[in-house]
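As structure tokens, the structure follows; a few thoughts come after it.
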Amino acid sequence: MTINSLYFVNWWTDTLIIGGLSIITWVALLAFHHSDTQPIFWFALVLSLVVNYPHFSATVYRLYQSPDNIRQFPVTAWGLPLILFGAVGASFWQPDVIAPYFLMLFLLWSPYHYSGQTIGLTMVYARRAGFPIGRRERMALSAFVFSAFVCGVIRFQQNGTSGGFTDFYGMSVPAFPLPDWMEAAAQAVMWTGALVFGGSAFVWCLEQKRLMPPIVLLPALTHFVWFVPGASLKSFWIVIPFFHSLQYLLIALVMQLKVRIDVAGGEHSWQCIGAEARRWGTRNILGGILLFIGLPAAFSWLPLPLMTTAGILAAAVNIHHFFVDGVIWKLRDTATSSALMMNIAELADPGAVDIVRPNVVEV
Amino acid sequence: MRKAATAGVLAVLAAPARAAERSSCILDPAALTPREMFLAAAIGAMIACGVTSFLLAERVTERTHAALAALVVLIGGFCLFTLFGLVGRNIPVAGSLVLVGLIGLFKLMNQFEIRRKRSLSDK
Numbered sequence: 410m411t412i413n414s415l416y417f418v419n420w421w422t423d424t425l426i427i428g429g430l431s432i433i434t435w436v437a438l439l440a441f442h443h444s445d446t447q448p449i450f451w452f453a454l455v456l457s458l459v460v461n462y463p464h465f466s467a468t469v470y471r472l473y474q475s476p477d478n479i480r481q482f483p484v485t486a487w488g489l490p491l492i493l494f495g496a497v498g499a500s501f502w503q504p505d506v507i508a509p510y511f512l513m514l515f516l517l518w519s520p521y522h523y524s525g526q527t528i529g530l531t532m533v534y535a536r537r538a539g540f541p542i543g544r545r546e547r548m549a550l551s552a553f554v555f556s557a558f559v560c561g562v563i564r565f566q567q568n569g570t571s572g573g574f575t576d577f578y579g580m581s582v583p584a585f586p587l588p589d590w591m592e593a594a595a596q597a598v599m600w601t602g603a604l605v606f607g608g609s610a611f612v613w614c615l616e617q618k619r620l621m622p623p624i625v626l627l628p629a630l631t632h633f634v635w636f637v638p639g640a641s642l643k644s645f646w647i648v649i650p651f652f653h654s655l656q657y658l659l660i661a662l663v664m665q666l667k668v669r670i671d672v673a674g675g676e677h678s679w680q681c682i683g684a685e686a687r688r689w690g691t692r693n694i695l696g697g698i699l700l701f702i703g704l705p706a707a708f709s710w711l712p713l714p715l716m717t718t719a720g721i722l723a724a725a726v727n728i729h730h731f732f733v734d735g736v737i738w739k740l741r742d743t744a745t746s747s748a749l750m751m752n753i754a755e756l757a758d759p760g761a762v763d764i765v766r767p768n769v770v771e772v
Numbered sequence: 016m017r018k019a020a021t022a023g024v025l026a027v028l029a030a031p032a033r034a035a036e037r038s039s040c041i042l043d044p045a046a047l048t049p050r051e052m053f054l055a056a057a058i059g060a061m062i063a064c065g066v067t068s069f070l071l072a073e074r075v076t077e078r079t080h081a082a083l084a085a086l087v088v089l090i091g092g093f094c095l096f097t098l099f100g101l102v103g104r105n106i107p108v109a110g111s112l113v114l115v116g117l118i119g120l121f122k123l124m125n126q127f128e129i130r131r132k133r134s135l136s137d138k
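Quick mapping for you: the protein sequence lines, in order, are chains A and B. Following the working numbering, the numbering of the first sequence begins with 410 at its first residue and continues without gaps. Following the working numbering, the numbering of the second sequence begins with 16 at its first residue and continues without gaps.
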């Protein structure tokens with residue numbers, strides 16, 4: 410029997426970051442709906458500097474900060490950037506023939522990637538809560554999450570396109586055509602998945618004689634809000650990447666602190682945690698600026714509009730991130746899964762953890 | 016459904032048929048269209064991945080070979096996407112097949128360069 414904390418930080422922080430904040434934002438945008446999305450767009454752009462861009466940088470930093478990682482994943486570290494460099498070159502060379510497909514690929518891959526993160530977060534919180542996710546629960550959860558993704562793709566196409574094209578960094582990306590019946594089919598699978606997963610959770614509650622902590626279901630609920638009702642609200646889906654990045658940064662920060670303080674034998678104190686968090690945050694903000702502003706600026710000599718260059722490079726950075734994320738965050742990896750079971754307070758003082766937040770007993 | 020399937024087959028065959036019409040470019044590489052040049056470069060990249068895997072036989076782990084194979088799938092998948100990505104505009108059912116294919120591609124890429132349960136040489 411081991412004792413694990415339910416939250417990475419505490420109830421408030423985890424709930425807000427994992428989904429509470431995005432659901433509140435969705436409700437607020439729904440209540441104060443306005444057709445002019447420009448203010449939201451600019452607000453999201455400013456937030457990108459401190460959240461979205463650093464989230465990409467955090468992945469790059471996590472892969473390339475250690476020579477061991479590079480040796481362990483040579484194709485991801487070296488081969489993949491080469492292939493992406495080729496795709497970027499082809500897109501620069503043929504911005505009307507190849508680039509639209511490259512951007513389409515990214516625009517479809519991105520929500521799929523969000524789905525993967527939702528499943529990962531649910532698995533982590535379920536493990537922390539002591540809720541076992543077997544094959545049936547995993548399949549039901551995947552059915553729910555990936556069908557919501559398909560619903561989202563269809564709704565984005567319906568609401569975010571004009572004349573069969575989606576605007577991305579000023580470029581016209583063709584909308585991905587799908588038949589009308591597909592949303593109904595996706596919804597049927599999604600609700601079946603929700604029922605099966607909800608049923609398993611209910612049975613568990615009866616067996617355990619206690620309620621399931623809401624944080625376990627929050628990632629899936631948030632995902633649903635993003636891709637089903639939220640996908641019809643343009644002002645909301647502008648900010649979805651921000652919330653996805655926010656989720657990611659919470660987990661990545663805890664992982665970084667674990668590596669620097671716990672594994673590398675650093676000092677266990679809040680002061681040390683604060684210093685490492687600031688150092689990591691600053692590096693990632695700078696890294697993000699380099700990736701999304703510096704890199705396009707370096708290619709500004711190309712005979713293309715700067716926004717086109719920036720859009721193609723942003724798609725490449727995103728696709729690289731999707732790969733690296735898949736490689737470095739595997740829950741089956743013991744080091745990763747053990748780090749994802751900890752609470753930040755354990756790094757400050759291993760003995761202080763019980764008074765900081767509630768504990769959950771895992772059998 | 017049968018009509019849609021027939022239309023789908025025709026759409027798939029239409030591209031090679033058009034390529035056959037332009038067979039004169041075989042004699043004149045400069046006459047290649049940008050898309051054909053891209054496909055040629057992509058085939059080159061796939062060959063490079065295959066050759067790298069071949070040359071590294073018994074020198075790298077099975078995981079690395081699998082990752083190189085996944086890269087070949089990625090490049091090939093993207094090439095097909097540039098050819099048939101918008102086929103759903105004319106045949107909606109084909110659009111859903113393209114989406115299913117893309118989800119399969121994403122799922123496969125999600126297994127990129129990870130430890131495998133039954134790996135022999137990774138031990």
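Heads up, the beta-carbon is just placed ideally off N, CA and C, and yes, glycines get one too. Computed from a predicted structure; not experimentally measured.
Reduced DSSP secondary structure (H/G/I, E/B, other) of I412(A): In this prediction, I412(A) has a pLDDT of 49, which is less than 50 and means its spatial position is unreliable; nothing more can be read from the coordinates.
Reduced DSSP secondary structure (H/G/I, E/B, other) of S556(A): Helix at S556(A).
Helix, strand or coil at V582(A) [DSSP, three-state]: In this structure, V582(A) counts as strand in the three-state DSSP scheme.
Within 8 Å of chain B by C-beta, residues of the region 574–591 of chain A in sequence order: P583, F585, P586, L587, P588, D589 and M591
Chain-ordered neighbours of G602(A) on chain B, where CB pairs are closer than 7 Å: Ordered by position in chain B, no residue passes the 7 Å Cβ test against G602(A), which lies about 15 Å from the chain.
Cβ-Cβ distance between S654(A) and V460(A) below 7 Å: yes
Cα-Cα separation between L756(A) and G683(A), rounded to whole angstroms: L756(A) and G683(A) have their alpha carbons spaced roughly 11 Å apart.
Contacts of V108(B) in chain A (Cβ-Cβ under 7 Å): For V108(B), the residues of chain A that pass the 7 Å Cβ criterion are P588, in the order they occur in the chain.
Minimum C-alpha distance to D445(A) - residue among W679(A), V733(A), E685(A) and F645(A): F645(A)
F577(A) (DSSP reduced to helix, strand or coil): strand
Bridge partner(s) assigned by DSSP for S457(A): DSSP lists no partner for S457(A).
Beta-carbon separation (whole angstroms), L439(A) vs L642(A), contact threshold 8 Å: 7 Å
7 Å CB neighbourhood of P504(A) in its chain, flanking five on each side removed: In chain order, L713 and T717 place their CB closer than 7 Å to the CB of P504(A), counting only its own chain and leaving out the 5 sequence neighbours on each side.
Amino acids of chain A, ordered along the chain, whose beta-carbon sits closer than 8 Å to that of G103(B): F585, P586, L587 and P588
Endpoints, the alpha helix (DSSP H) within which G572(A) is located: Segment: none, G572(A) is in no alpha helix (DSSP H) and carries neither H nor E.
Between the CA atoms of A686(A) and R669(A) - distance to the nearest angstrom: If you draw a straight line from the Cα of R669(A) to the Cα of A686(A), it comes to about 10 Å.
Three-state class that DSSP yields for W635(A) in the structure shown: helix
Backbone secondary structure at H443(A) - three-state DSSP: coil
Run of the alpha helix (DSSP H) containing N478(A), from where it starts to where it stops: Counting along the chain, the alpha helix (DSSP H) containing N478(A) begins and ends at P476 to Q481.
Cβ distance (whole Å) where Q479(A) is taken to contact A486(A) below 8 Å: The question names Gln, but residue 479(A) is Ile in the sequence shown. About 4 Å; that satisfies the 8 Å criterion.
Stretch-stretch touch, CB-based, cutoff 8 Å, three pairs: the region 513–532 of chain A with the region 593–600 of chain A: no
Cβ pair count under 8 Å reaching 3, the region 742–752 of chain A against the region 608–615 of chain A: no
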